[in-house]
Each structure stands twice: as structure tokens, then as C-alpha cells.
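Read through the structure below, which is laid out as C-alpha cells, and then see the notes.
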Amino acid sequence: MTHWYHLQKTKTAAAALALMLVSSSWTSVKAQISLNVSQTTLGAVIQKIQKQSKYQFTYDDNLSKMQVNAVQVKNGKVEDVLNKLLKNKGVSYVIKDGIIYLKKKEITTTPSTQQPRQKRTYKGTLLDENKEPLIGATILVKGTNHRAVTDMDGNFTIETDEPAPVLQFAYLGYKTMDMAAKEGHNVNAQMLPDSQALKEVVVTALGIKREKKMLGYSVQDVKADALNTTGDPSVTGALDGKVAGLQMNTSSTGLGGSTKITIRGNSSLTDNNQPLWVVDGVPFTDNQSSDASAYGGYDRGGTSLDINPEDIESISVLKGANAAALYGSRAGNGVIYVTTKKGSHKQGFGITYNGNFTWSKVAETIPMQKQYGQGSQGATVYKTDEDGNKTLSSELAFGAPLDGRMEPSFLGENIAYRYYGDKLKDYFNTGFSQFHTVALGNSDEKGHFRLSLGFNDNKGLFDGEKLDKLIVDLNAGRTINKYLSTDSKISVSRMKAENRPMTGLNGEVAQLLLIPGNVRLQDLQTYTTQDQLHRNWFGPDMQYANPYYVRHRFQNSDERWRAFGYYGANVNVTDWLKFNAKYAFDYYRTRIQATDLSLGNSAVSIPGRHWSEIVTDDNMSRSEENNFEHNISFLFLGDNQVTKDLRLGYNLGANIMYQKYELLSAATKNMLEKDNWIFNTGYQLTNASENGHERSMYSAFGSLQLAFREYLSLDLTARNDWSSTLPKDNRSFFYPSASVSYIFSDFMRSINHSLPAWMTFAKTRLSFAQVGKDPNPYNLYNTRSYTYENGIRVPIPQTVKKNSNLKPEIKSSFEWGLEMKFLENRLGFDFTYYYTKTKNQAMLVDASAPWTQQWVNAGKITNKGIELMLYGTPVKTKDLKFDLTMNISKNISRVDELANGVDHIYFNGDGNMPVKVGAKAGGKLGDIYANNLIKRDADGQMVIGENGLPMPVTSSDAGGNLEQYILDHPIGNIEPKLLMSVTPSLNYKGVSLTAMFDMRFGGDIVSVSEGMATAVGTSERSAYRGEYKELNGVSDYYMVVPGVTADGQVNTKEVSAQSYYSNIGLYKSQKGYAEMFIHSASYIKLKELALGYSLPKSVLKKTPLTNVKLSFVARNLCFLLKHTPGNPDGGYDTSMFSQALDFAAVPYTRTFGFSVNVGF
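Note that the sequence shown covers residues -31 to -1, 1 to 1129 in mature numbering (1 follows the signal peptide of the UniProt record, and there is no 0).
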């Protein structure tokens, strides 16, 4: 099997990686040999052995004509074959790193006075086909054990006592060559690529490396140099846009916000669409820690932030059930497999430093109107204090035109009544991030070692917003002997964040949207009165909050410690059978604290309550989460050359998984000491609760691989899981997969049929798979639960009926692909069509009293789509290389069935939200439904009522069933119609320029932010006010709303602009019309740009440095196409509901800076 799962050696400028791969390549050549030869020459037998294996031979040319013994061996070890061939022939051999060294045995004689042979030194340079230095190549004096390795410039020096030495040059991916060395002359050689050796290897299920061309399903690989060109501190941010079919939705919530990753679209009715993360073969939990909502709370990001991108060697994305079948139920949504760096191969230790320094600035905000200021009905509104002083007093921006006249502000100071700038830009600071990684490593034929330290310090856009990370990673392995080797890893991290921004309606961004243009931010910085009452642009009893008050009176922090690692042992049982055992663990503890020295949200929800009445309602909440998981796995791996043309590989293994989750939370209020936030100073314990669960799964799995002549392969897998979250009768579930790969270009060559000169490679593949998924813990039986409220233990009401007959969810997947390469791999594409069906989902449906909902297995969702990866090298010369890569994907998700008696489902959104997101049976997943719809005529024109305002669709208009009418008329859908990224890369000598354009076409988003600002008159949309005049005794700005009357006539009824915008707006009312604020979520964005320069090796060779690269980096530079007024990725968390909304999101932010990469 190791013949299949060998390492690829690609050309690189890092000697460390080159030598590591050379030292590891010996594992790829072991094979069983079958020979039946009579007496013949050694050279002839060597050719037969090389045809059945990947061994290379090194020997003196004179030995090739030597007669050897007759041999008859079937499926024998190469050592057995050589022992029989060379018995009594006076020839010895040594096998090392996949090379067999043959040498005549030295004849022992009595000492003589003959002088020893003089050693001579030979020097030279080794270049590749482009006359670039080959780093880490092996030079061997044939017939001896004298060897050397090329340095960073391709130079080498070798000593030998051979009088006429022949040097043999070997480098993975290049044809081995010999050259005679002459004393006094430099040996300058140039090697050519070996097209048969340049085999692309990817990581597949269970971490097994497979030759990509033999796979029958889609796997896309991203190498380290392409992964993080701009120094993104988040691995999810670095991966975004680099894999076809992978969609990222990152919440716009400040530092370390959550990212939702979906592979091939949403397929879950419970919004559980995240793939499984696997790091070095071990499952890695990526839970999202967030209590963010449309009303408030904080997004604390996902735990994938605990991975240092600078520690990553490559990422393989296993996209479908076919690729991930052996990982079991957790891999139903695909797998993101991370391979970390193992250490450099060089004398002494290799040391690297990577530093990134970036600054972030708000780039684009929702456009706001600049013509009208604070007031109502087209005029300024004043209030008079007890001393007779007048000040401006209105929460709205429907006042008089901003003409610059002097007016008293809300602080009583006379200032110019004019526009004072974009609050959404001016409020924010310039963010700064620095990320340092230092790594120390070494590897040789006996093992590898790498220790890294990463530190990331971030200061956000908001005052006091901070996030820092410290990650220590140790990866080591050792070959004990030819039978046993070990491998281990431990990663310890600590992340701490302070004062993350509050999301939604009560957050700072929401308040900034509402501030009239004539209000100065500098005045709002005095956010309390002398009596410590809340102060904004209207007064302490105002229902709108001062953003500075929110920032400084609502404090929060969170801290996470994590330890992750494994220890593995590998046993070479025989040449064709290996055994692997591994113990892995993942533990993290999160502590979260929120303090509220403010008025609290109750002032908004309790009518008539004065803000000053509750100024002392301070609160503190704290929670601690503990997450633990361990996995114990055993795996047998076999590989047999059954016949000359047929190879058999097989795996058989088992896994034991155990998880434990604990949550302890409490809250108190009315603190006795305002600066000492501990429970002991709280006057009253308002809440205390403890929660948690345990979960285990036992698994057995196996796979079988058959390969015929290296152009036709068949893969079969099977897995059975026993889950603790399922009832006894349904606890065991089985699922298989099968895939076929057919390389018809290699087939044509095997029958001596010539292909067009422009065609290099052509392959088709076909696969089918099933994956089972168990439900979450504790959904089988109803139990009693209690909590503490205001110091009293109270039962938690049970409203959901559990189901003791739950079954596992089953996802079936079909996939077909075509891959072709042209012009010696200068141009190529990889196309995939897929179809998946997910059924038996555990979902909540309405239930009869006393329950409100119950768990059932129901529903069927189908996903179908295409993926296309295009790549090419249009320009390639000695000094200049231009590469272009494109990733394109399209997915359609449909809900074919729901539960019996259920025709629709909502994923989130309550009656106070302007929209809901869900699906109905027979419809698309992710439809957006408005709570209120505007009545329209047959031509789509708005129907205007007698009051001059748009008329809503009523129950009578909907035939008595308004909800069904709304379901039949969705206003949009969250799913994009096409995702695309384009990455051009230019390299000229030491200069590199790389960019990435991220594109999304289709899908919709409702700008609640724009709807809120429109309702109060601050948005650019509300700038049109019509004509100021008196109508029916009331002076105001009046306009005519476009549309028709109920009888089909053109509307001519005048209505005040304030009435119209307040009517359609979305603030503090469900009466607004979301359809007025829905936009296409399509965009084209310049997401990444990196301009780098690597110092020439001629400059570095006299220094201890091996490489130095300086780069200018930038992320999210600009939108080249955008339809939304705000950020198209404006969600407050990772739910499908949030994906439909721009709800007071943190504005779009541009990042730029520089990076330094140094190697010793």
C-alpha cells in the first residue's frame, strides 16, 4: 500500500522541506517481488525488479554484466531475492531511503606496506531544467557510501578515494543521472524532470496519503504557500475563496468573529452544516461560542482560531460523503484536514521567523443623508429646562434643512446646525494586529522535531476592544528501529478577548445609525450627566442609547485555554502489513464574563419606565465551559502486489470516541462595589445553573483498494457506528461507499496508442457513498431540570417532547468527475457534478398539549451542483512565471419533504423581526419570508391606500390564509447561485505578486440597518422629502408615493415624507416592509493582495540566513461590484437566519500591512 501512498516531492526553495521528503521517501518503495529467472546477468534482473517496485539501484557498471544465480520467488521480499541472486558472488548490498547500493565485497588480506589511496575533493553545482539551483539533492559516488547534499545555491562538495569516480545525482521528481568527475574540474550538472515521478499526493480519510490520480472522488488540496499569502491570523479567513464548493459566511462582529463553513451547500433542517475539522489525523472541535442575537449579546468566534496558520503545511478539503465516509457520522458535511509542519531537514536546527503587522480601517458604510437634521415634520424641535434654556430635542432626523445657522445643541451650546460627518466612520478607531511565529525544527532519517511559538495581539476598531492569542505547538516523531516508530504532537493555546462589540438592536452600530447628522460625536462622548444619568442627543429618558454609553457601561471578556494532541505508534509487522495505534485528546476551558453598569435592556421593553429610575441596575454574569474529547484508534494497513498488473490495498480499524461537556453559569445584580466584579459583592444572586452532557461512539471500519496497471482503480469502504445518543434498537448503523477512477490517458499509452501532443492527462471518476449522523445527546427521554432565579430554585418548564425511537440521519451522495491536463501540465481543469440526498433528519415539529414541540425523524433535502477548478501557467520562462487559478461552484438545495402534517419550517426569527428564514415542502432551502407584504397589482406596482401610504396584504387579500400567502411569496433566498474566485500570481526573479478576487452571484440579503435608518430619517434613501408646504393646516415635507390606487388609477395622494419613511422602515416595529430593503447579495471583491520580494541567495550565502522575504499585504481592499448599502456579509452570527440580514453589522473593514519571513 505504501507504493500508492507515497510522498510527492515538488520543487521548492526550502531546503528543509526538500530534505525531509527525501528522507521520508523510502516508505514509498517497499513491494513484494516475483521472479522466475535462470542464470542471467545482474543488470537484466535489476530491470525486472525495478518494473515491480520503485527501488533505485546504485552500482558499478562492471557489475551489470556479472552472472547471477537462478531464482524462483513468488511475492517475496526484495532482501530474499537479492540474497539468492548474489549468494557466493562476492557482492554485498545495502538498502537505504529506497535506494539499493551494490558493491563488491572487500577481500581481507594481510597488512602490507602499500600506501592508502589518497582522498580527492570534487566540487560542482546542480541545476534544474530552468537552470535554477536544486536544493537538497543527493550526490553519491557510485560503488561507495560517499555522499553529499546540495546547499541553497545548488553547490556541493564531496570527498572520495576512488581514482575515477562516477557521481550519481538523485532528486525526487527528477531523472537520476550519472556523470564522471575529473580532478581539477568543477562538476556542473543539469537534471531534467521525471514525468512519472511528479505524482500529486493528497491526504484522504484517516490521514492516509493517496496518489490523487487514483482517487474516485473529489479532494482539493491547498499548500502552505498559497494558503496564507496575506498573513491572516485566522485559518478560516486564510482558506476563504481557495476551494471550489466551500462557502464562508463570516459574521461582521469585530475581532475573532465566527465563521460558518459549508461544503456543497446547506443540507440540514437544524442548521447543522459545519464540516469536521481534523488536525494530523485527529478530530478537532470547532464549536462556535456565541450568545449574539438580533437584540444583543456577543459573538466570541469559533475554536478553529486555536490553530496557528503558520504551523500548517497543507489543508485538504474532503468535500463529500464519498471522501469522508471512513470518518463516520461527524463527517457528514465533509472534512477539512489540516496537516501541520514537521521540521526541517538540515544539519543542526532550522529556525524560522514569520511576522505580520497589519492595520484595519472602516472602508465603506451605509450611505446617510446630509441634507436634514434633528427634528420632526420638517422643523427643529426644542425643549426648555427649568431655567428657560432651549435645546434641540428630538430622536428623529426629519427636521429642517441643515443650513449652518446657529442652534443650541443637546448640551446647551450654540453650534452650527450642519452635517458633522459620517458617524459610522468617525466613531471607529484604526485597528492594529501583530502576529509573530518562531519555529525551531530538525528532521533526518531517524525522525523529526518542530517546536513553534505563535503570539497574536489585536486591537480592534472599538475603544477597549482587544484579542490576543498565544499558541505553542510541538510535533515530534522517531524511528526506533526497522519495526517501530512513534509520532506525537501537543498544542497548547490561550486566547483572551476584552470588550467585544454588542450585536443587534442594542449594540453601538445600531445606535450610530439613528443619530441625526447635526449631532457631533464629540458631544456624545460625555455620555452621562453629573448625576450619572444616561445622556444622548435627546435626553436621559430617551429610548435610544448613546453609543459611548453602550461601549463603556457594558463590559465583557472571555478567555479560552486549550490543550490538543496525540501519541501514536507505528509497527511494521511485515513488508506488506503495518499497524498503527493512536491516542488523541482535545480539551478546552472557556470562561466568559459580562458586566452591565447601566440602565439595562428593561427600559426598552417596559413602557413608561424612566431611565433614571434604573440607573443602579448593575448586573454581572459569568460562565465556565469545559469541553473534553478523546479518541483511541487502531488501524491495520496492508498492501500486496497480487500479480504483475494488480495491486491490492486494504485497511481495517476501530475507534473509541468519548466526549464530555460541562457548563456552570451564574448571575448577580446590584453590586455593592462597582469596581470589584465578584459574586461576593453582589446584593442578589439572580440565576445559577449547571448543565452538560456525555457522549460516546464505538466504530469499526475498513476499506479495500484495487488498482489495475495504475490506470484503473476501485475503492470500497464500510463503517459501522454504535452511538450513545440513539436508542438501543437503533444504536448501530452501517454505511458503505464505492468509487472508481479510470485514467484513460494512461490506458491509451499502455496499449501503445498515441495521444495528441497537447494532451498530458485525462481521467474520469465515479463514486457513491452513504454517511450516517447521530442526533445530539439527551433527546430520547424527558427529564427534570432546575435553575435558580432570584435565589429560589425553580423547575425549568419542559415544552419539548423527546423521542425514544430516534434513528440516525442518512446522507447518500453520488459524484462524477472529469480531470484533464494539457501542454505538459501548463493548463488543466477538474470538474465535478454531485447529487446528495439527506433524510431521517432529527427535527422539531409542533406537538399537542402539554407539549409545544416534539422531536421526530423526518424530512428529505437534496443538494445538487457542480464544481470547476481551472488552472494554467500562460507564461513560463527562466525568470518569469504567471499562474492563474479559478474556482467555480454552483449548488441548489431543495426541501423535498418535511414531517407528516408539516408543510413549512422556520430556522429563526420571531414575530418582532421583519423577516423569517426557512423553507416549505417542495421549495428551496433558505427562503426569506417577510412578516408584511405590500399589496401590488398585476404589473407589480404598489397599491396605495386612501392615506397615501402603501397598503399591506391582508387576510382577505390572501383568501383567509395570510401565512400561506406569505409562504407562497418569498421575497428572496439566502443561497448564492454561483461562487467564484480568481487568483493570478506573478513571479519575476525574486519579486512575487499575488491577488485573489472573491465573487458571489445571486442570493439576497435584507438590510435591516438601512430600514432602521430610513425609519428615523438618517438614511440616504430618506433624503428625498418632496416639497415643504402646509397641507390641512399642518406644515411638513410632502411627497407622492409611486403606485396605483385600489381602483387602478395612478396615485396622486400627498403624504408627509416622515409618515412614508416611518411606515416602510424597520425600526422598533414589525409593521415595516422588508421587501423595500432587500438587495442582491452579489459582489466582486478584491479580497487579497500580496507583493513580496525575496533576497537573492547570492546575498544570503555569506550570512547565516537561508531565506528572507519582505511583503506588502492587504485584505478586503475594495468591492468592484456590490448592490447592498452595507456589507453583503453582514450577519451577527453563523445561523441561516443571520445570513439573510445586515442587522447593524460592523462596517466593511479594509486591512493592510507588511510581513517578514526569515529562515536560518
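C-beta: ideal position from N, C-alpha, C; glycine also. Values in this document were obtained by computation on a predicted structure and should not be read as measured data.
Name the residue from the options whose alpha carbon lies nearest to the alpha carbon of residue i.
i	options	result
S692	G1034, T327, S345 and P777	P777
E434	T756, A532, G226 and Q480	G226
residue 1130	G941, D967 and M882	The question about residue 1130 has no answer, for the chain in this structure spans -31 to 1129.
Y386	T360, G1012 and M855	T360
N525	E866, G214 and N588	N588
D1005	S590, Y997 and Q243	Y997
A1113	S7, I1047 and T222	T222
S285	N218, K211, E279 and D527	K211
K551	S817, I601 and F533	I601
Is it buried or exposed, residue i, if we count other Cβ atoms within 10 angstroms and call 16 or more buried?
i	result
residue 1165	The first residue shown for the chain is -31 and the last is 1129, placing residue 1165 beyond what the model contains.
M375	exposed
F648	exposed
A39	exposed
N745	exposed
I335	buried
N505	buried
S245	The residue you asked about is not Ser; residue 245 is Leu in the sequence shown. L245 should be labelled buried.
E152	exposed
F703	exposed
H1092	exposed
Q41	exposed
I720	exposed
T129	buried
P1065	exposed
Q1027	buried
G357	exposed
Please check the pair residue i and residue j, which I expect to be a contact at CB under 8 Å, by giving their CB distance rounded to whole angstroms.
i	j	result
I320	L409	6 Å
G980	Y898	Actually they are not in contact, since the Cβ atoms of G980 and Y898 sit about 16 Å apart, beyond 8 Å.
A366	G986	4 Å
F791	W727	5 Å
V709	G185	5 Å
P939	D872	Their Cβ separation, rounded to whole angstroms, is 14 Å, which puts P939 and D872 out of contact at 8 Å.
N624	S668	4 Å
Please state the DSSP three-state secondary structure of residue i.
i	result
Q810	strand
T199	coil
P516	helix
H(-29)	In this predicted model, H(-29) has a pLDDT of only 32, less than 50, meaning its place in the structure is not dependable; the value taken from the coordinates is given anyway. The answer is coil: DSSP assigns H(-29) none of H, G, I, E or B.
Q257	strand
T406	strand
R718	helix
H154	coil
F713	helix
F125	strand
A300	helix
R753	coil
L278	Correcting the residue type first, residue 278 is Pro in the shown sequence and not Leu. Of the three classes helix, strand and coil, the one that applies to P278 here is helix, per DSSP.
E582	Below a pLDDT of 50, predicted positions are generally treated as unreliable, and E582, at 37, falls in that range; the measurement from the model is reported next regardless. Helix.
I177	coil
Determine which residues share a DSSP beta bridge with residue i and list them.
i	result
I484	I484 is not bridged to any residue.
S1080	G1061 and S1124
E661	It is Gly, not Glu, that sits at residue 661 in the sequence shown. E631, per the DSSP bridge assignment.
T107	V118 and A139
M789	A731 and F798
L71	Y62
residue 1135	Only positions -31 to 1129 of the chain appear in the structure, and residue 1135 is not among them; the question remains open.
L839	F798 and M855
P252	V247
Any heavy atom of the ligand NAD closer than 7 Å to the beta-carbon of residue i?
i	result
Y680	Here there are no bound small molecules, and the ligand NAD is not part of this structure.
Any C-beta of chain D sitting closer than 8 Å to the C-beta of residue i?
i	result
M1045	This model lacks chain D altogether, as it is built from one protein chain only.
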